[in-house]
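**Q** Residue numbers (the working numbering): 4 to 161.
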Amino acid sequence: MPNYITPQGFADLKARYHALFAEERPKLVETVSWAAGNGDRSENGDYIYGKRRLREIDRELGWLSKRIKAARVVDPALQPDKSVILFGATVTLADEEDNHRIITLVGDDEADAAQGRVGWNSPIARAVRGGRVGDVRRLTLPAGAIDYEVIAISYPKA
Numbered sequence: 004m005p006n007y008i009t010p011q012g013f014a015d016l017k018a019r020y021h022a023l024f025a026e027e028r029p030k031l032v033e034t035v036s037w038a039a040g041n042g043d044r045s046e047n048g049d050y051i052y053g054k055r056r057l058r059e060i061d062r063e064l065g066w067l068s069k070r071i072k073a074a075r076v077v078d079p080a081l082q083p084d085k086s087v088i089l090f091g092a093t094v095t096l097a098d099e100e101d102n103h104r105i106i107t108l109v110g111d112d113e114a115d116a117a118q119g120r121v122g123w124n125s126p127i128a129r130a131v132r133g134g135r136v137g138d139v140r141r142l143t144l145p146a147g148a149i150d151y152e153v154i155a156i157s158y159p160k161a
């Protein structure tokens with residue numbers, strides 16, 4: 004399955020990879036080398052913490068590398084049909100009590116629910132994608148189903 008992502012999200016992934024690989028990891032390697040030269044490693048906090056943190060960084064670098072390779076960058080401003088909810092759309096929804104909710108469909112790696120940015124494969128995104136203004140879409144949650152009406156669809160300007 005492709006990893007859809009906005010140009011900004013892709014740039015953020017690459018920046019995180021670069022920060023870890025070119026800045027944080029070399030400093031940590033230097034610290035671990037220094038700590039290793041101080042003798043007994045079994046009780047050396049700098050060495051033990053440093054090795055653990057290096058493993059965490061290497062794991063994250065591997066994950067980021069896979070996500071970057073699988074990324075399919077999609078510029079929301081270039082979507083062909085702006086009347087349909089596609090990747091990158093900002094959608095205004097209204098529930099049965101006329102409570103409005105604004106969400107933007109972004110890549111799973113750049114989702115931030117607090118900012119209204121929901122992942123492309125999240126339940127609400129799957130429920131609304133392909134919809135048009137006036138459509139009613141049902142979101143099924145463990146607590147029950149909620150019907151949302153699509154009030155507005157917008158995309159960033161090119």
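Quick reminder that beta carbons are idealized off the backbone N, C-alpha and C, glycines included.
From a predicted model like this one, the values you see are computed outputs, not experimental measurements.
What are the start and end residues of the alpha helix (DSSP H) that includes residue 48?
**A** Residue 48 -> alpha helix (DSSP H) spans 48-73.
**Q** With which residues is residue 148 paired in a DSSP beta bridge?
**A** DSSP, once it has assigned bridges, lists 143 as partnering residue 148.
**Q** Residue 8 and residue 76 - do their beta-carbons sit closer together than 8 Å?
**A** Cβ atoms of residue 76 and residue 8: closer than 8 Å.
**Q** Just to confirm before moving on: does the CB-CB distance between residue 16 and residue 62 stay below 8 Å?
**A** no
**Q** Who are residue 103's beta bridge partners in DSSP?
**A** BP columns for residue 103 point to 97.
**Q** Alpha carbon to alpha carbon, what distance is there between residue 42 and residue 115?
**A** 45 Å
**Q** Can you give me the C-alpha to C-alpha distance between residue 18 and residue 100, rounded to a whole angstrom?
**A** C-alpha separation (whole angstroms): 42 Å.
**Q** Helix or strand or just coil, what does DSSP make of residue 122?
**A** strand
**Q** Looking at the secondary structure, which residues open and close the beta strand (DSSP E) in which residue 7 lies?
**A** 6-8
**Q** Once the 5 residues before and after residue 85 are set aside, which same chain residues still bring their CB inside 6 Å of it?
**A** 158
**Q** Buried or exposed for residue 5, please, with buried defined as at least 16 other CB atoms from any protein chain shown within 10 angstroms of its CB.
**A** exposed
**Q** What number of angstroms, rounded off, separates the C-alpha of residue 146 from the C-alpha of residue 44?
**A** 52 Å
**Q** If you draw a straight line from the C-alpha of residue 129 to the C-alpha of residue 110, how long is it?
**A** Straight through space, the alpha carbons of residue 110 and residue 129 are spaced by roughly 12 Å.
**Q** Could you pull out every residue in the same chain whose Cβ sits closer than 6 Å to the Cβ of residue 20, ignoring the five residues on either side in sequence?
**A** 67
**Q** For residue 55 and residue 98, what's the separation of their Cα atoms in angstroms?
**A** 47 Å
**Q** Which whole-angstrom value is the C-beta distance of residue 94 and residue 153, which I expect to be below 8 Å?
**A** 6 Å
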